[in-house]
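The numbering of the sequence shown is the working numbering, which starts it at 3 and goes up by one. Beta carbons: idealized from backbone N, C-alpha and C, even for Gly. Every value quoted in this text rests on a predicted model; they were computed, and no experiment measured them. Worksheet: one structure, shown below.
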Amino acid sequence: MDATDEPVVLITGCTQGGIGQCLAHAFAAEKCAVVATSRSIESMEDLKNNERLFLQELDVLSEESLRSVLRNVLEKFGRIDVLVNNAGVHCVAPLAEIPLSDLEQTFNTNVYVTELQESIFLQTLQFPAVLGAYIFRLLTRKVYVSGSKKGNNTLKKVILELRWFCECKSDEIVCKSLLLTCPLRLIQAVVPHMASRRKGKIVNIGSTIALVPGPWAGAYSASKAALHSLSDTLRLELRTFGIDVITVVPGAIRSNLGNTSLVRYEKMPEWKLFKPFEEAIRARTYFSQGDEATPGEEFAKKTVAAVLKKRPPAWFSYGTYSTAAAIMYHLPLFIRDFIVRRKIKC
(Lines of atoms letter the chains of each structure in order from A and count residues from 1; the text may use other names and numbers.)
(Lines give C-alpha, C1' and ligand atoms only; values in the text may rest on other atoms or scores of the structure.)
Protein backbone atom coordinates (compact mmCIF):
# COMPACT_ATOMS: atom_id res chain seq x y z
CA MET A 1 0.00 0.00 0.00
CA ASP A 2 2.66 2.47 -1.06
CA ALA A 3 2.34 5.38 -3.54
CA THR A 4 -1.03 4.91 -5.20
CA ASP A 5 -3.52 6.51 -7.57
CA GLU A 6 -6.33 5.77 -5.12
CA PRO A 7 -7.65 8.60 -2.92
CA VAL A 8 -5.59 8.95 0.26
CA VAL A 9 -7.78 9.68 3.29
CA LEU A 10 -6.49 10.70 6.73
CA ILE A 11 -9.01 10.25 9.56
CA THR A 12 -8.60 11.29 13.20
CA GLY A 13 -10.34 9.66 16.15
CA CYS A 14 -10.53 6.07 14.86
CA THR A 15 -10.94 4.45 18.27
CA GLN A 16 -12.76 1.14 18.54
CA GLY A 17 -16.53 1.42 18.51
CA GLY A 18 -16.62 5.02 17.31
CA ILE A 19 -17.74 6.80 14.16
CA GLY A 20 -14.12 7.16 13.02
CA GLN A 21 -13.70 3.40 12.90
CA CYS A 22 -16.84 3.07 10.77
CA LEU A 23 -15.62 5.80 8.43
CA ALA A 24 -12.24 4.08 8.06
CA HIS A 25 -13.90 0.82 6.98
CA ALA A 26 -16.30 2.66 4.66
CA PHE A 27 -13.55 4.60 2.87
CA ALA A 28 -11.52 1.40 2.55
CA ALA A 29 -14.54 -0.34 1.02
CA GLU A 30 -14.55 2.38 -1.66
CA LYS A 31 -10.94 1.46 -2.52
CA CYS A 32 -9.33 4.39 -0.75
CA ALA A 33 -5.96 4.24 0.98
CA VAL A 34 -6.91 5.11 4.55
CA VAL A 35 -4.65 6.53 7.25
CA ALA A 36 -6.48 5.77 10.49
CA THR A 37 -5.18 7.66 13.51
CA SER A 38 -5.72 7.67 17.25
CA ARG A 39 -3.67 8.42 20.34
CA SER A 40 -2.75 4.73 20.61
CA ILE A 41 -2.56 1.80 18.20
CA GLU A 42 -4.20 -0.41 20.85
CA SER A 43 -7.41 1.63 20.60
CA MET A 44 -7.66 0.67 16.90
CA GLU A 45 -7.42 -3.09 17.42
CA ASP A 46 -10.36 -3.86 15.09
CA LEU A 47 -8.67 -2.05 12.18
CA LYS A 48 -5.41 -3.99 12.20
CA ASN A 49 -6.52 -6.75 9.83
CA ASN A 50 -7.65 -4.46 7.01
CA GLU A 51 -4.71 -4.15 4.63
CA ARG A 52 -6.09 -0.96 3.12
CA LEU A 53 -5.61 0.80 6.44
CA PHE A 54 -2.36 2.44 7.53
CA LEU A 55 -2.53 2.87 11.31
CA GLN A 56 -0.72 5.76 12.97
CA GLU A 57 -0.52 7.07 16.53
CA LEU A 58 -1.39 10.76 16.52
CA ASP A 59 -1.61 13.22 19.39
CA VAL A 60 -3.13 16.27 17.72
CA LEU A 61 -1.93 18.53 20.53
CA SER A 62 1.69 17.62 19.81
CA GLU A 63 3.50 19.33 16.92
CA GLU A 64 6.13 16.60 16.95
CA SER A 65 3.51 13.84 16.69
CA LEU A 66 1.71 15.67 13.90
CA ARG A 67 4.88 16.26 11.88
CA SER A 68 5.87 12.62 12.30
CA VAL A 69 2.54 11.31 11.02
CA LEU A 70 2.42 13.68 8.06
CA ARG A 71 5.99 12.78 7.15
CA ASN A 72 5.13 9.05 7.27
CA VAL A 73 1.99 9.53 5.18
CA LEU A 74 3.67 11.64 2.50
CA GLU A 75 6.63 9.25 2.30
CA LYS A 76 4.29 6.29 1.86
CA PHE A 77 1.58 7.75 -0.38
CA GLY A 78 3.00 11.02 -1.72
CA ARG A 79 -0.13 13.06 -0.91
CA ILE A 80 -3.25 13.52 1.20
CA ASP A 81 -6.50 13.90 -0.74
CA VAL A 82 -9.03 13.94 2.09
CA LEU A 83 -8.66 15.03 5.72
CA VAL A 84 -11.47 13.93 8.06
CA ASN A 85 -11.50 15.77 11.39
CA ASN A 86 -13.45 13.31 13.49
CA ALA A 87 -11.58 13.24 16.82
CA GLY A 88 -13.87 14.54 19.52
CA VAL A 89 -15.13 14.16 23.06
CA HIS A 90 -18.60 14.40 24.52
CA CYS A 91 -19.08 16.38 27.70
CA VAL A 92 -22.13 16.41 29.96
CA ALA A 93 -22.29 19.01 32.74
CA PRO A 94 -24.26 22.14 33.65
CA LEU A 95 -22.38 25.12 32.24
CA ALA A 96 -22.62 27.07 35.49
CA GLU A 97 -20.58 24.41 37.31
CA ILE A 98 -18.46 22.69 34.66
CA PRO A 99 -14.72 22.62 35.47
CA LEU A 100 -12.92 24.91 33.02
CA SER A 101 -10.41 22.16 32.27
CA ASP A 102 -13.26 19.98 30.96
CA LEU A 103 -14.56 22.86 28.89
CA GLU A 104 -11.11 23.39 27.38
CA GLN A 105 -10.75 19.67 26.74
CA THR A 106 -14.05 19.56 24.92
CA PHE A 107 -13.23 22.52 22.71
CA ASN A 108 -9.96 20.90 21.75
CA THR A 109 -12.11 17.93 20.60
CA ASN A 110 -9.58 15.44 21.87
CA VAL A 111 -10.81 12.37 23.74
CA TYR A 112 -7.68 11.67 25.73
CA VAL A 113 -6.16 15.06 26.62
CA THR A 114 -3.97 14.70 29.71
CA GLU A 115 -1.98 17.94 29.67
CA LEU A 116 -2.92 21.58 29.16
CA GLN A 117 0.61 22.87 28.76
CA GLU A 118 0.91 22.40 25.02
CA SER A 119 -2.55 23.70 24.15
CA ILE A 120 -2.03 26.92 26.15
CA PHE A 121 1.65 27.41 25.37
CA LEU A 122 1.32 30.67 23.47
CA GLN A 123 -0.94 32.20 26.11
CA THR A 124 1.43 31.10 28.86
CA LEU A 125 4.32 32.95 27.20
CA GLN A 126 2.49 36.20 27.95
CA PHE A 127 1.85 35.32 31.59
CA PRO A 128 5.22 36.39 33.17
CA ALA A 129 4.95 39.89 31.71
CA VAL A 130 1.39 40.34 32.92
CA LEU A 131 2.24 38.92 36.35
CA GLY A 132 5.29 41.19 36.62
CA ALA A 133 3.20 44.26 35.84
CA TYR A 134 0.69 43.24 38.48
CA ILE A 135 3.38 42.72 41.14
CA PHE A 136 4.88 46.13 40.33
CA ARG A 137 1.47 47.77 40.73
CA LEU A 138 0.95 46.11 44.11
CA LEU A 139 4.39 46.91 45.50
CA THR A 140 4.31 50.55 44.42
CA ARG A 141 1.25 51.24 46.54
CA LYS A 142 2.17 53.75 49.28
CA VAL A 143 0.61 51.64 52.07
CA TYR A 144 3.57 49.24 52.34
CA VAL A 145 5.97 50.05 55.19
CA SER A 146 8.76 47.52 55.67
CA GLY A 147 9.14 46.06 59.16
CA SER A 148 5.92 47.51 60.61
CA LYS A 149 2.83 45.59 61.67
CA LYS A 150 0.91 47.48 59.04
CA GLY A 151 3.56 46.57 56.50
CA ASN A 152 3.42 42.88 57.41
CA ASN A 153 -0.37 42.87 57.09
CA THR A 154 -0.08 44.59 53.74
CA LEU A 155 2.48 42.03 52.61
CA LYS A 156 0.03 39.27 53.53
CA LYS A 157 -2.62 41.04 51.47
CA VAL A 158 -0.20 41.30 48.56
CA ILE A 159 0.53 37.56 48.76
CA LEU A 160 -3.19 36.75 48.92
CA GLU A 161 -3.90 39.02 45.95
CA LEU A 162 -1.07 37.44 43.97
CA ARG A 163 -2.45 34.00 44.75
CA TRP A 164 -5.90 35.12 43.60
CA PHE A 165 -4.37 36.69 40.49
CA CYS A 166 -2.50 33.53 39.52
CA GLU A 167 -5.59 31.37 39.97
CA CYS A 168 -7.82 33.76 38.01
CA LYS A 169 -5.27 34.31 35.24
CA SER A 170 -4.81 30.55 34.93
CA ASP A 171 -8.55 30.21 34.35
CA GLU A 172 -8.43 33.13 31.92
CA ILE A 173 -5.61 31.48 29.99
CA VAL A 174 -7.67 28.31 29.75
CA CYS A 175 -10.65 30.32 28.46
CA LYS A 176 -8.50 32.12 25.89
CA SER A 177 -7.19 28.81 24.59
CA LEU A 178 -10.58 27.46 23.48
CA LEU A 179 -9.32 27.34 19.91
CA LEU A 180 -10.56 24.10 18.36
CA THR A 181 -6.94 23.02 18.52
CA CYS A 182 -7.46 19.55 17.11
CA PRO A 183 -9.02 20.25 13.68
CA LEU A 184 -7.37 23.62 13.10
CA ARG A 185 -3.89 22.30 13.84
CA LEU A 186 -4.36 19.54 11.25
CA ILE A 187 -5.97 21.86 8.73
CA GLN A 188 -3.09 24.33 8.93
CA ALA A 189 -0.62 21.48 8.47
CA VAL A 190 -2.38 19.91 5.48
CA VAL A 191 -3.67 22.96 3.56
CA PRO A 192 -0.27 24.04 2.10
CA HIS A 193 0.16 20.55 0.63
CA MET A 194 -3.37 20.51 -0.83
CA ALA A 195 -3.06 24.08 -2.12
CA SER A 196 0.16 23.22 -3.97
CA ARG A 197 -1.78 20.52 -5.83
CA ARG A 198 -4.89 22.75 -6.09
CA LYS A 199 -6.93 19.78 -4.96
CA GLY A 200 -8.19 18.36 -1.70
CA LYS A 201 -11.12 17.87 0.64
CA ILE A 202 -11.45 18.77 4.31
CA VAL A 203 -14.27 17.07 6.19
CA ASN A 204 -15.25 18.37 9.63
CA ILE A 205 -17.58 16.18 11.69
CA GLY A 206 -20.06 18.44 13.47
CA SER A 207 -23.33 17.57 15.19
CA THR A 208 -27.05 18.34 15.07
CA ILE A 209 -26.74 19.43 18.71
CA ALA A 210 -25.09 22.59 17.39
CA LEU A 211 -28.36 23.41 15.62
CA VAL A 212 -30.58 22.72 18.61
CA PRO A 213 -28.57 23.13 21.83
CA GLY A 214 -30.11 21.48 24.85
CA PRO A 215 -29.45 21.45 28.58
CA TRP A 216 -26.53 19.61 30.19
CA ALA A 217 -24.39 19.39 27.03
CA GLY A 218 -23.57 23.06 26.52
CA ALA A 219 -19.81 22.59 26.23
CA TYR A 220 -20.23 19.97 23.52
CA SER A 221 -22.88 21.88 21.55
CA ALA A 222 -20.85 25.11 21.74
CA SER A 223 -17.70 23.37 20.49
CA LYS A 224 -19.60 21.85 17.56
CA ALA A 225 -21.24 25.18 16.72
CA ALA A 226 -17.78 26.74 16.64
CA LEU A 227 -16.60 23.95 14.35
CA HIS A 228 -19.53 24.62 12.00
CA SER A 229 -18.57 28.28 11.86
CA LEU A 230 -14.93 27.40 11.26
CA SER A 231 -15.98 25.17 8.35
CA ASP A 232 -18.13 27.89 6.79
CA THR A 233 -15.23 30.33 6.87
CA LEU A 234 -12.72 27.81 5.54
CA ARG A 235 -15.03 26.91 2.67
CA LEU A 236 -14.89 30.50 1.44
CA GLU A 237 -11.19 31.04 2.12
CA LEU A 238 -9.94 27.80 0.52
CA ARG A 239 -12.19 27.75 -2.55
CA THR A 240 -9.64 29.65 -4.63
CA PHE A 241 -7.08 26.87 -3.96
CA GLY A 242 -9.35 24.10 -5.21
CA ILE A 243 -9.99 22.73 -1.71
CA ASP A 244 -13.52 21.63 -0.81
CA VAL A 245 -14.67 21.95 2.81
CA ILE A 246 -17.54 19.69 3.86
CA THR A 247 -19.42 19.95 7.15
CA VAL A 248 -20.84 16.55 8.10
CA VAL A 249 -23.62 16.78 10.68
CA PRO A 250 -24.53 13.44 12.29
CA GLY A 251 -27.82 12.93 14.06
CA ALA A 252 -28.07 10.26 16.74
CA ILE A 253 -25.54 7.64 15.60
CA ARG A 254 -24.96 4.40 17.46
CA SER A 255 -21.39 4.32 18.78
CA ASN A 256 -19.37 4.17 21.98
CA LEU A 257 -20.17 7.84 22.65
CA GLY A 258 -22.55 7.06 25.51
CA ASN A 259 -20.07 4.80 27.30
CA THR A 260 -17.14 7.21 27.02
CA SER A 261 -19.36 10.11 28.02
CA LEU A 262 -20.60 8.29 31.11
CA VAL A 263 -17.05 7.36 32.14
CA ARG A 264 -16.03 11.00 31.89
CA TYR A 265 -19.15 12.13 33.72
CA GLU A 266 -18.34 9.90 36.68
CA LYS A 267 -15.18 11.98 37.21
CA MET A 268 -17.09 15.26 37.48
CA PRO A 269 -17.39 16.98 40.86
CA GLU A 270 -20.62 16.76 42.82
CA TRP A 271 -23.08 19.37 41.61
CA LYS A 272 -24.22 22.08 44.00
CA LEU A 273 -26.98 24.19 42.46
CA PHE A 274 -27.92 21.41 40.07
CA LYS A 275 -27.97 18.51 42.53
CA PRO A 276 -31.78 18.07 42.06
CA PHE A 277 -31.15 17.44 38.35
CA GLU A 278 -28.52 14.73 38.88
CA GLU A 279 -30.61 11.99 37.28
CA ALA A 280 -31.48 14.08 34.23
CA ILE A 281 -27.87 15.17 33.74
CA ARG A 282 -26.61 11.60 33.96
CA ALA A 283 -29.26 10.44 31.47
CA ARG A 284 -27.95 13.04 29.01
CA THR A 285 -24.72 11.05 28.60
CA TYR A 286 -26.45 8.35 26.55
CA PHE A 287 -29.34 10.39 25.11
CA SER A 288 -28.25 9.74 21.50
CA GLN A 289 -27.69 6.01 22.01
CA GLY A 290 -31.27 4.73 22.17
CA ASP A 291 -32.75 1.93 20.08
CA GLU A 292 -33.73 4.44 17.39
CA ALA A 293 -30.12 5.56 16.80
CA THR A 294 -28.76 5.07 13.28
CA PRO A 295 -26.12 2.31 12.98
CA GLY A 296 -22.62 3.73 12.60
CA GLU A 297 -21.95 1.62 9.50
CA GLU A 298 -25.00 3.05 7.73
CA PHE A 299 -24.03 6.61 8.58
CA ALA A 300 -20.44 6.04 7.43
CA LYS A 301 -21.51 4.54 4.10
CA LYS A 302 -23.78 7.49 3.30
CA THR A 303 -21.15 10.01 4.40
CA VAL A 304 -18.36 8.47 2.34
CA ALA A 305 -20.58 8.41 -0.76
CA ALA A 306 -21.23 12.14 -0.33
CA VAL A 307 -17.60 13.07 0.35
CA LEU A 308 -16.21 11.15 -2.64
CA LYS A 309 -18.47 12.89 -5.14
CA LYS A 310 -16.68 15.00 -7.72
CA ARG A 311 -18.60 17.99 -6.40
CA PRO A 312 -19.30 17.16 -2.76
CA PRO A 313 -21.98 19.05 -0.82
CA ALA A 314 -20.88 21.82 1.52
CA TRP A 315 -23.25 20.43 4.16
CA PHE A 316 -24.26 16.81 4.68
CA SER A 317 -26.53 15.68 7.51
CA TYR A 318 -27.69 12.14 8.17
CA GLY A 319 -29.02 10.05 11.03
CA THR A 320 -31.84 9.93 13.54
CA TYR A 321 -33.13 13.39 14.51
CA SER A 322 -31.17 15.10 11.72
CA THR A 323 -34.30 16.20 9.83
CA ALA A 324 -36.08 17.17 13.06
CA ALA A 325 -33.06 19.23 14.15
CA ALA A 326 -32.97 21.08 10.82
CA ILE A 327 -36.67 21.97 11.19
CA MET A 328 -36.33 23.00 14.84
CA TYR A 329 -33.41 25.27 13.97
CA HIS A 330 -35.84 27.53 12.09
CA LEU A 331 -38.58 27.52 14.72
CA PRO A 332 -39.17 30.49 17.06
CA LEU A 333 -37.06 30.10 20.19
CA PHE A 334 -40.01 29.81 22.57
CA ILE A 335 -41.35 26.85 20.57
CA ARG A 336 -37.94 25.22 20.33
CA ASP A 337 -37.34 25.65 24.06
CA PHE A 338 -40.73 24.13 24.84
CA ILE A 339 -39.97 21.04 22.74
CA VAL A 340 -36.50 20.59 24.23
CA ARG A 341 -37.80 20.92 27.80
CA ARG A 342 -40.41 18.26 27.09
CA LYS A 343 -37.68 15.91 25.86
CA ILE A 344 -34.94 16.69 28.41
CA LYS A 345 -35.70 17.60 32.01
CA CYS A 346 -34.33 20.98 33.06
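TODO: Please specify which runs of the beta strand (DSSP E), each continuous and at least 3 residues long, are wholly inside the region 11-47, giving them in chain order.
DONE: 35-40
TODO: Taking the CB atoms as reference points, tell me whether Val-10 and Phe-79 lie closer together than 7 Å.
DONE: yes
Task: Exposure of Pro-315, with buried meaning 16 or more beta-carbon neighbours within 10 Å - done: When all chains shown are included, Pro-315 counts as exposed.
Task: Given Glu-299 as reference, the closest of Lys-274, Asn-258 and Val-71 once Cα atoms are compared - done: Asn-258
Open item on the list: Looking at the secondary structure, which residues open and close the beta strand (DSSP E) in which Leu-57 lies?
Closed with: 55-59
TODO: Apply the 10 Å Cβ neighbour rule to Lys-226 and answer buried if 16 or more other Cβ atoms are within range, or exposed otherwise.
DONE: Lys-226 comes out buried.
Task: Inter-residue Cα distance where the pair is Tyr-320 and Ser-233 - done: About 18 Å.
Open item on the list: Using 7 Å as the threshold, is the C-beta distance between Val-250 and Ile-82 below it?
Closed with: In terms of Cβ geometry, Val-250 and Ile-82 do not form a close pair [threshold 7 Å].
- [ ] State the Cα-Cα distance for the pair Val-247 and Cys-16, rounded to the nearest angstrom.
- [x] 20 Å
Open item on the list: Classify Ile-255: buried if its beta carbon has 16 or more other beta carbons within 10 angstroms, exposed otherwise.
Closed with: buried
- [ ] Quick one: residues in its chain with C-beta nearer than 6 Å to the C-beta of Tyr-288, no 5 flanking neighbours on either side, listed in chain order?
- [x] Gly-260
Open item on the list: Going by C-alpha to C-alpha distance, which of Pro-217, Glu-99, Lys-269 and Phe-318 sits closest to Arg-344?
Closed with: Pro-217
Task: Local conformation of Val-94 per DSSP, three classes - done: coil
Open item on the list: Excluding the 5 residues flanking Ala-308 on each side, which residues of the same chain have their C-beta closer than 7 Å to its C-beta?
Closed with: Pro-314, Pro-315 and Phe-318
- [ ] Look at the alpha carbon of Asp-7 and the alpha carbon of Ser-70, and state the distance between them as a whole number of angstroms.
- [x] 23 Å
Open item on the list: Rounded to whole angstroms, what is the Cα-Cα separation between Cys-348 and Lys-312?
Closed with: 45 Å
Task: Ala-219 (DSSP reduced to helix, strand or coil) - done: The answer is strand: DSSP assigns Ala-219 an E or B state.
Task: contact_flag[the region 196-203, the region 262-282] where n(CB pairs < 8 Å) is 3 or more - done: no
Task: Nearest candidate by alpha-carbon position, reference Asp-104, set Ser-263, Ile-21 and Val-342 - done: Ser-263
TODO: Take Glu-66 as the anchor and find which of Leu-238, Val-214 and Leu-188 has the nearest alpha-carbon.
DONE: Leu-188
TODO: Compare the Cα-Cα distances from Leu-213 to each of Gly-202, Ala-228, Lys-203 and Ile-204 and report the closest residue.
DONE: Ala-228
TODO: Enumerate, from N- to C-terminal direction, the unbroken beta strand (DSSP E) stretches of 3 or more residues contained entirely within the region 235-299.
DONE: Complete beta strand (DSSP E) runs here, min 3: 245-252.
Open item on the list: What does DSSP give as the partner residue(s) for Ile-207 in the beta ladder?
Closed with: Val-250
- [ ] Evaluate Gly-22 with the Cβ neighbour count: other Cβ atoms within 10 Å of its Cβ, from every protein chain shown; 16 or more gives buried, anything less gives exposed.
- [x] Counting the other Cβ atoms within 10 Å of the Cβ of Gly-22 gives 16 or more, which makes it buried.
Task: Neighbour-count burial assignment, Tyr-331, 16 or more Cβ in a 10 Å radius - done: Exposed: under 16 other Cβ atoms inside 10 Å.
TODO: Look up Ser-64 in the DSSP assignment and say whether it is helix, strand or coil.
DONE: coil
Open item on the list: Please report the distance separating the alpha-carbon of Ala-409 from that of Leu-310.
Closed with: Summary: the structure shown does not reach residue 409, with the chain confined to residues 3 through 348, and so no result is reported for it.
- [ ] Ignore the nearest five residues each way along the sequence and tell me which others in Ile-341's own chain have a CB closer than 7 Å to its CB.
- [x] Met-330
TODO: Could you name the residues of the same chain whose beta carbon sits closer than 7 Å to that of Leu-49, not counting the 5 residues immediately before and after it, in chain order?
DONE: Cys-16, Gln-23, Ala-26, Ala-38, Leu-55 and Leu-57
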